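**Q** This note's numbering puts the first residue of the sequence shown at 1, with every later residue one more than the last.
Quick one: the structure is below, and I'll ask about it shortly.
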Amino acid sequence: MSAIRYELGSDQILTLTIDMPGQSANTMNKAFREALEKTVTKVKGDLENIRGIIVTSAKKTFFAGGDLNELHKVTRDDAGFFEDMVNGMKAQMRALETCGKPVVAAINGTALGGGFEIALACHHRIVLDNNSIQLGLPEVTLGLLPGGGGTQRLPRMIGLEAAFPLLMEGKKLRPSGALKAGIIDELADSSEDMMAKARAFIDANPRCQQPWDKKGFKLPGGAPHHPAMAQKLAIAPAMLKQKTKGCYPAPERIMAAAVEGAQVDFDNGSLIETRYFAELAIGQVAKNMTGTFWFQLNDINAGGSRPEGVERETFKKVGVLGAGMMGAGIAYSTASSGVEVVLKDVSLENAEKGKNYSENLLAKKVSRGRMTEQKKMEVLGRITATDSVADLEGCDLVIEAVFEDSELKARVTAEAEPKLVNNGIFASNTSTIPITQLAEASATPENFIGLHFFSPVDKMMLVEIIVGEKTSDETLARAFDYVQQIGKIPVVVNDSRGFFTSRVFGTFVNEGISMLAEGVHPSSIDNAGLLAGMPVGPLTISDEVSLTLMQHIRSQSRKDLEAAGGTWQPHPAEAIIDQMVNDHGRKGKAAGAGFYEYPAKGKKYLWPELETLYVDSEKARHVKLQDLKDRILFIQAIETIRCLEEGVLRTVEDANIGSIFGIGYAPWTGGAVQFVNQYGVKAFAERATELAAAYGERFSPPALLLEHTETEKPFS
Ligand code: NAI
1 MSAIRYELGS DQILTLTIDM PGQSANTMNK AFREALEKTV TKVKGDLENI RGIIVTSAKK
61 TFFAGGDLNE LHKVTRDDAG FFEDMVNGMK AQMRALETCG KPVVAAINGT ALGGGFEIAL
121 ACHHRIVLDN NSIQLGLPEV TLGLLPGGGG TQRLPRMIGL EAAFPLLMEG KKLRPSGALK
181 AGIIDELADS SEDMMAKARA FIDANPRCQQ PWDKKGFKLP GGAPHHPAMA QKLAIAPAML
241 KQKTKGCYPA PERIMAAAVE GAQVDFDNGS LIETRYFAEL AIGQVAKNMT GTFWFQLNDI
301 NAGGSRPEGV ERETFKKVGV LGAGMMGAGI AYSTASSGVE VVLKDVSLEN AEKGKNYSEN
361 LLAKKVSRGR MTEQKKMEVL GRITATDSVA DLEGCDLVIE AVFEDSELKA RVTAEAEPKL
421 VNNGIFASNT STIPITQLAE ASATPENFIG LHFFSPVDKM MLVEIIVGEK TSDETLARAF
481 DYVQQIGKIP VVVNDSRGFF TSRVFGTFVN EGISMLAEGV HPSSIDNAGL LAGMPVGPLT
541 ISDEVSLTLM QHIRSQSRKD LEAAGGTWQP HPAEAIIDQM VNDHGRKGKA AGAGFYEYPA
601 KGKKYLWPEL ETLYVDSEKA RHVKLQDLKD RILFIQAIET IRCLEEGVLR TVEDANIGSI
661 FGIGYAPWTG GAVQFVNQYG VKAFAERATE LAAAYGERFS PPALLLEHTE TEKPFS
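Below, the structure written as structure tokens:
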């Protein structure tokens, strides 16, 4: 069976239905390329009998895009072959585009990446008016570029300026948005309507040419040499660099392909695009991002870390204890996914305040036209705010998010557990207290688990699931189901103080603060964080977390360690934190004063006294930026390897995804373990040893890393 069905009707309209055998979605792989070549040859032979062509799909989606399995394997040695292959396929699409007959894309479902590029190569695009359909060119989010003509056709269709955000940010649009953006031509109410409209277009346009193939074509919005456009393009690369910090080659190459391509004819533009595409596809950043954001994330979403043999559960009623910042967010995310929520606090007033948080978020959605008033009321109707434990009766799951206090947590556990359904689960959202310790208050510790959400809960996609010593596999599997039910990404870790994410996060902020202790200028420290690819610098984030919370966590960890007979090794950051809080009253952003000043009006700025107190001007002048950047990425990667070594982390997938979605570890790296793999385990260990000699033992390669260096085996 061919991947493209060829049906020439008695009305001389040819319908090409893409239906790749053995795949749930159509992708641009070898089978597709071969089918396309055969189809185009046949079209050429039949051309006299064809009035027009409709391209559609037999799958639920229109076309999923490039085949990432293939792309992920391309190496530098294959680059020439890869370019030829891409150009070959584009030549087939171009042959259809220039055959003289009208070609219409009847888009029955989501068309992303290569799929949308097929549609762009048609003369007319009609899309089913269904809000679940997504259209766009998201290749950039995997470190790639739209290599199927997207960087050439889109600017020629809507102009460079309008095309940039779609190409360089990978924005996906719903059908109505795509129509407004001018990247599709018509909406259809039903499949029949879509096909009728396609036929009508063919009837009305017996001969068809793309605008860019017509004589005298002018790029909408102006060609690159047009004075107004030239002025904008002169600063565009600098503006882009400000966003990417030079960590992401894909948006830079996309801009280059689009602008350079717009200065030549379409076919030469297409060749320019292929060159940049090949460069990105064989490059390390695309390998990092595709590996983690596609393959590893898919593994996790497919239940890679979920114990097998436990029936999938759908949760119906969830209790949330504590309607503060976290509890309110958990209630919102849970109710938004169709689950009943009982939100309990010490007073009805507190509980209502927590519910109001949902009301505000939902009202914002309604005002932006992203939700109907009725849907808002439905979600709100699912949240019962209460001060009574009795209302928890019949919950399948209760999540506690009360103050970070072991005794209080023990009390609410004992109070709420009896209200759970038989075999119900009790979860704690603690950020630091070991789950095994909290489970001591539970009558059924096998049903006790950690569900560590991140703030703000409605935006943060990750939930770190923490398995206590006694937590059963069944409880883990069911907790995993809950996290997926509310549309979040579950990573699974074993119990330890700080679990995985908080532990690694701690090394990041402490490293930044210890640079200050050495005399490095604070602005160099935060800038080094950004240049390494972290979303914010270590001093900025310390202020947000609050220096007092950091003190509190440290003293608790120290107490526990010493109680267990260990000896505390002070970190060079500790003295600075203590001086900031105790001597200067600078507790962080919420207190209005930390490493930064927060004026009531205007932007925050670094507290000027830092310079007098800490900066060593001689050192600050000679500091190596590469060292600062490496320290920030290395210290987190080393702590992550320690977590693997100690069995806190169970898989490399969880490590990579958890580090990016939980801590913001530089996404270009593909995560904290992929950073080591792509650096080369041996080279990483050597550099870590150098850093240890210069900055402290904490950089010494852990034993597990040394094991890998011997065999030069990447972590997998
Ligand atoms: P919060 O102070 O905003 O809220 C705590 C709420 O618990 C308050 O509304 C309080 O009235 C309520 N509460 C106290 N005793 C209660 C009882 N007996 N029954 C019901 N409610 C009671 O605190 P937040 O920030 O929401 O933190 C809650 C938990 O989540 C803590 O364990 C914290 O460590 C953890 N966490 C916090 C994160 C954050 O970014 N703030 C991130 C991840 C976890």
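C-beta atoms are modelled at their ideal positions from N, C-alpha and C, and glycine is treated no differently.
Predicted model only: the values in this text are computed from it and were never measured.
Write down the C-beta distance between A441 and T413 rounded to the nearest angstrom, noting that I regard them as a contact closer than 8 angstroms.
**A** About 4 angstroms separates the two Cβ atoms, so the contact holds.
**Q** With distances taken Cα to Cα, identify the nearest neighbour of I13 among G319, N677 and V43.
**A** Here the closest residue by C-alpha is V43.
**Q** Can you tell which of I638, T548, I513 and C208 has its C-alpha closest to the C-alpha of F500?
**A** Measuring from the Cα of F500, the nearest candidate turns out to be I638.
**Q** Using the three-state DSSP reduction, which class does V259 fall into: helix, strand or coil?
**A** V259: helix per DSSP, three-state reduction.
**Q** At the level of alpha carbons, what is the spacing between E83 and K353?
**A** Approximately 59 angstroms, taken between the alpha carbons.
**Q** Following a CB-centred definition, is V504 positioned closer than 7 angstroms to any heavy atom of the ligand NAI?
**A** Incorrect: V504 has no Cβ contact closer than 7 angstroms to the ligand NAI.
**Q** Suppose you measure from the CA of K171 to the CA of Q92; what does that come to, to the nearest Å?
**A** Rounded to whole angstroms, K171 to Q92 spans 27 angstroms at the Cα level.
**Q** Measure the C-alpha to C-alpha separation of P237 and T75 and round it to an integer number of angstroms.
**A** Spanning the two alpha carbons is a distance of roughly 28 angstroms.
**Q** Shorter than 7 angstroms, the distance from the beta carbon of M326 to the closest heavy atom of the ligand NAI, or not?
**A** At least one heavy atom of the ligand NAI is nearer than 7 angstroms to the Cβ of M326, so yes.
**Q** Can you give me the C-alpha to C-alpha distance between E544 and G304, rounded to a whole angstrom?
**A** Between E544 and G304, the C-alpha separation is close to 34 angstroms.
**Q** For S431, is the beta carbon positioned less than 7 angstroms from some heavy atom of the ligand NAI?
**A** Yes.
**Q** Evaluate G450 with the Cβ neighbour count: other Cβ atoms within 10 Å of its Cβ, from every protein chain shown; 16 or more gives buried, anything less gives exposed.
**A** When all chains shown are included, G450 counts as buried.
**Q** Would A666 and A532 qualify as a contact pair, given that the criterion is a beta-carbon distance under 8 angstroms?
**A** Yes, these two residues count as a Cβ contact at 8 angstroms.
**Q** Find the nearest neighbour of F403 within the set P701, L462 and V320, judged by alpha-carbon distance.
**A** Here the closest residue by C-alpha is V320.
**Q** So what does DSSP say about S57, is it helix, strand or coil?
**A** Of the three classes helix, strand and coil, the one that applies to S57 here is strand, per DSSP.
**Q** Quick one: is T540 buried, meaning 16 or more other Cβ sit within 10 Å of its Cβ, or exposed?
**A** Counting Cβ neighbours within 10 Å, T540 comes out buried, since at least 16 surround it.
**Q** Should T669 be labelled buried (16 or more other beta-carbon atoms within 10 Å of its own) or exposed?
**A** Label assigned to T669: buried.
**Q** Should A479 and I465 be called a contact, given that it needs their Cβ atoms to be closer than 8 angstroms?
**A** A contact, by the Cβ cut-off of 8 angstroms.
**Q** For a test of the three-state rule: what should DSSP assign to R174, helix, strand or coil?
**A** Coil.
**Q** Measure the CB-CB distance between S502 and T548 and report whether it falls below 8 angstroms.
**A** Cβ distance not < 8 angstroms, so S502 and T548 don't count as in contact.
**Q** By DSSP, does P102 sit in helix, in strand, or in coil?
**A** Residue state, collapsed to three classes: coil.
**Q** Cα-Cα, which of E378, N298 and K90 is closest to Q484?
**A** The shortest C-alpha separation from Q484 is found at N298.
**Q** Under 8 angstroms between the Cβ atoms of E611 and Y605?
**A** Not a contact, by the Cβ cut-off of 8 angstroms.
**Q** What residue range is occupied by the uninterrupted beta strand (DSSP E) comprising E340?
**A** Segment E340 to K344, the beta strand (DSSP E) holding E340.
**Q** Does the separation of the CB atoms of P434 and S472 fall below 8 angstroms?
**A** Going by C-beta atoms, P434 is not nearer than 8 angstroms to S472.
**Q** Work out the CA separation of E417 and A443 for me, nearest whole Å.
**A** The alpha-carbon atoms of A443 and E417 are separated by roughly 8 angstroms.
**Q** Of the choices V623, R411, E37 and P307, whose alpha-carbon is the least far from that of Y695?
**A** It is V623 whose Cα lies nearest to the Cα of Y695.
**Q** Indicate the three-state DSSP secondary structure (helix, strand or coil) for P445 in the structure shown.
**A** P445: helix per DSSP, three-state reduction.
**Q** Any heavy atom of the ligand NAI inside 7 angstroms of the beta-carbon of D345?
**A** It does: the Cβ of D345 is within 7 angstroms (strictly closer) of some heavy atom of the ligand NAI.
**Q** When the distance is taken between beta carbons, is I330 closer than 8 angstroms to I721?
**A** Residue numbering for the chain in the displayed model covers 1 to 716; residue 721 lies beyond these limits and cannot be assessed.
**Q** Decide if D345 is buried, meaning its Cβ has at least 16 other Cβ atoms within 10 Å, or exposed.
**A** Flag for D345 reads buried.
**Q** Please state whether the Cβ-Cβ distance between G585 and S546 is less than 8 angstroms.
**A** No, these two residues do not count as a Cβ contact at 8 angstroms.
**Q** Tell me I107's beta-bridge partners as DSSP assigns them.
**A** I107 pairs with V127.
**Q** Starting from P227, trace the alpha helix (DSSP H) in both directions and tell me its first and last residue.
**A** Per DSSP, P227 belongs to the alpha helix (DSSP H) from P227 to T244.
**Q** Where do the N-terminal and C-terminal ends of the beta strand (DSSP E) with C395 fall, by residue?
**A** Residues C395 to E400.
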